Amino acid sequence: MIGFKKVVTILILIINSYGVYAQDFADVYEKLQQSKILNDHFFGFSLYDLDENQFLVDVNGHKYFTPASNTKIFTLYTALEMLGDSIPGIQYIEKGDSLLFWGTGDPTFLHSKMDSHIVYNFLKNSNKKLFYVPTKMQNKFFAAGWAMDDFDAYYQPEIATLPIYGNVVTFRGTANNQMRVVPTHFQDMLHTEESLDKGKFSMSRSFTENRFLKSRETVPNKYVNEVPFKSSASLVVKLLSDTLGKMVEIIDYNKPVTVKTIYSNATSYVLREMMLPSDNYLAEQILMMASLQKFEKFDTYLVRDWMKQNYYKRFADEVVLHDGSGLSCYNKVTPKSMIELLIAVKQKVPDESNRFKLFSAGGVDGTLKRAYSTDRGVPFVFAKSGTITSVYCQSGYLITRSGKKLAFSFLNNNFIDEKNSEIRQEMVAIMTYIRQNY
């Protein structure tokens, strides 16, 4: 009988706590339940109080969703666990009159925006013969679940052990309607293709080779397009030789146990550049660097599995990831798992100002700059968005007017793309309501 009384007491406490929980946020539940926009598709929403350590709102919290670029928060956390303060640029040894170097997966080398020139200057100023040692990677150049139709889209460059120029060719229209090509190595690989003629200028690339195609229409003078190229060791040394102005050769050489490392950029800078504009290329290459750092090989499956076994297995729901960017439609997570991830990121980066710099500030920067308005000039949502066909998600942190510090995950799947804009607006309206009323 004593045991039964204890059970009854516990049940009463649970019911009472749920009553307060429901009463406090009953209006939020009502907005979610009555929203015609949200209830026209599959959505999940979890809201968590970071100070009180309790869930405040939960709708479909244990249901699985495709997270799109919310996957990058997992990549962020992986980098915080596996990478140090600086990004490894290259590994190298000096042997007699020769300098042998290996790629580390560093995505910033000769990148149009992010290159620090540290690795470039090191190779340029070396008085030794330069030899590039290619490293085999276990990954394919595309991850499982990527859209093959997007092979020539700027947001889907190939994964590589030594990426260069962001693994893209940049095409720019000039004032006299000509085309400027960077790197110039690809200039002679640009061809006119009549089948692309559709009334306005367009470009593409052959699937199997670096044959770039343009339509016959006039090139707009402000045209800019980044088209991924097919990477190979021979192409890497050619591009290096061109930009360094001296010969770089390929050599087969077993990497010794002890090598030197040249570091290229602050890790925090690269992570911010991945998160705010939602850069898929950076996300995948960050996992490549983490793989080399942890396992001394390029196999991002090992990274995802290690994180799953050592961290995500503690989550309430299983986490299923197939890439680091969120391009894969095979990725599956729950809103509650996203909350648990955001809590883990908070524990890793407890300083709020530093942590919020890694997320888009609504109304201020990144992919959420135009989504939100600030509240009296102050941003209140710091989150990662995620968009692919029939998917729109936001997960991150919310500060209310009363000072509550919340984590949230708002995941939307299985809607027609024409509804994307109104779904975003509905989400923003609900998040703004929470900001202003709690």
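Under my numbering, the residue at position 279 of the sequence shown is numbered 691, and the numbers go up by one with no gaps.
Glycine residues also receive a C-beta, built at the ideal position from the N, C-alpha and C atoms.
Note that the structure is a prediction, hence the values are computed from the model and not measured.
Rounded Cβ spacing between residue i and residue j (contact assumed at less than 8 Å)
{"i": "glutamine 837", "j": "phenylalanine 822", "result": "About 13 Å separates the two Cβ atoms, so there is no contact after all."}
{"i": "proline 569", "j": "valine 580", "result": "6 Å"}
{"i": "alanine 773", "j": "proline 791", "result": "4 Å"}
{"i": "glutamine 852", "j": "methionine 494", "result": "No information on residue 852 is available, as it lies outside the stretch 413 to 850 that the chain covers here."}
{"i": "aspartate 711", "j": "glutamine 503", "result": "Actually they are not in contact, since the Cβ atoms of aspartate 711 and glutamine 503 sit about 17 Å apart, beyond 8 Å."}
{"i": "threonine 786", "j": "methionine 700", "result": "Threonine 786 to methionine 700, Cβ: 37 Å. No contact."}
{"i": "tyrosine 804", "j": "isoleucine 835", "result": "6 Å"}
{"i": "phenylalanine 624", "j": "methionine 601", "result": "5 Å"}
{"i": "histidine 453", "j": "phenylalanine 768", "result": "Contact doesn't hold; Cβ gap of about 30 Å is too wide."}
{"i": "serine 538", "j": "leucine 512", "result": "The pair is not a contact, with the Cβ atoms about 11 Å apart (cut-off 8 Å)."}
{"i": "valine 660", "j": "leucine 542", "result": "5 Å"}
6 Å CB neighbourhood of residue i in its chain, flanking five on each side removed
{"i": "threonine 483", "result": "Gly738 and Asn743"}
{"i": "alanine 434", "result": "With a pLDDT of 42 at alanine 434, under the threshold of 50, the predicted position of this residue should be treated as unreliable, and no value is reported."}
{"i": "threonine 844", "result": "none"}
{"i": "valine 715", "result": "Leu699, Ala702 and Ser703"}
{"i": "aspartate 518", "result": "Ile499, Gly501 and Ser676"}
{"i": "valine 682", "result": "Ile499"}
Where residue i falls, given that 16 or more other Cβ within 10 Å makes a residue buried
{"i": "glutamate 764", "result": "exposed"}
{"i": "proline 747", "result": "buried"}
{"i": "glycine 496", "result": "exposed"}
{"i": "glycine 789", "result": "exposed"}
{"i": "asparagine 722", "result": "exposed"}
{"i": "tyrosine 665", "result": "exposed"}
{"i": "histidine 734", "result": "buried"}
{"i": "arginine 782", "result": "exposed"}
{"i": "valine 840", "result": "buried"}
{"i": "glycine 815", "result": "exposed"}
Pair within 8 Å by beta-carbon distance, residue i and residue j
{"i": "serine 676", "j": "valine 531", "result": "yes"}
{"i": "asparagine 824", "j": "phenylalanine 455", "result": "yes"}
{"i": "alanine 756", "j": "leucine 780", "result": "no"}
{"i": "isoleucine 576", "j": "phenylalanine 521", "result": "yes"}
{"i": "alanine 480", "j": "glycine 808", "result": "no"}
{"i": "serine 500", "j": "isoleucine 662", "result": "As written in the sequence, residue 500 is proline, which differs from the serine given in the question. No, the pair does not count as a contact, with Cβ atoms beyond the cut-off."}
{"i": "tyrosine 850", "j": "threonine 812", "result": "yes"}
{"i": "methionine 687", "j": "leucine 770", "result": "yes"}
{"i": "histidine 597", "j": "lysine 658", "result": "no"}
is_contact[residue i, chain D] using C-beta, thresh 8 Å
{"i": "threonine 679", "result": "Given the protein chain composition of this structure (a single chain), no chain D is represented."}
Contacts around residue i, its chain only, beta-carbon distance under 7 Å, and the 5 residues preceding and following it disregarded
{"i": "threonine 516", "result": "Pro500, Gly501, Ile502, Gln503, Met701 and Leu704"}
{"i": "leucine 450", "result": "Leu444 and Glu838"}
{"i": "lysine 612", "result": "Glu629"}
Close Cβ partners of residue i (< 8 Å) along its chain, the five nearest in sequence each way excluded
{"i": "valine 469", "result": "Phe437, Val440, Tyr441, Leu444, Phe457, Ser458 and Leu459"}
Would you check if there are 3 or more beta carbon pairs closer than 8 Å linking the stretch 525 to 532 to the stretch 547 to 557? no
Given 8 Å as the limit, is there contact between the stretch 504 to 522 and the stretch 471 to 480, that is, 3 or more CB pairs closer than that?
-> no
The stretch 456 to 465 / the stretch 748 to 764 touching (three or more Cβ pairs under 8 Å):
Contact between the stretch 456 to 465 and the stretch 748 to 764 is present, because at least three Cβ pairs lie under 8 Å.
Practice problem: Say whether the stretch 486 to 506 touches the stretch 626 to 645, bearing in mind that this needs 3 or more beta-carbon pairs closer than 8 Å, one atom from each stretch. | Solution: no
Task: Stretch-stretch touch, CB-based, cutoff 8 Å, three pairs: the stretch 583 to 603 with the stretch 625 to 634 - done: yes
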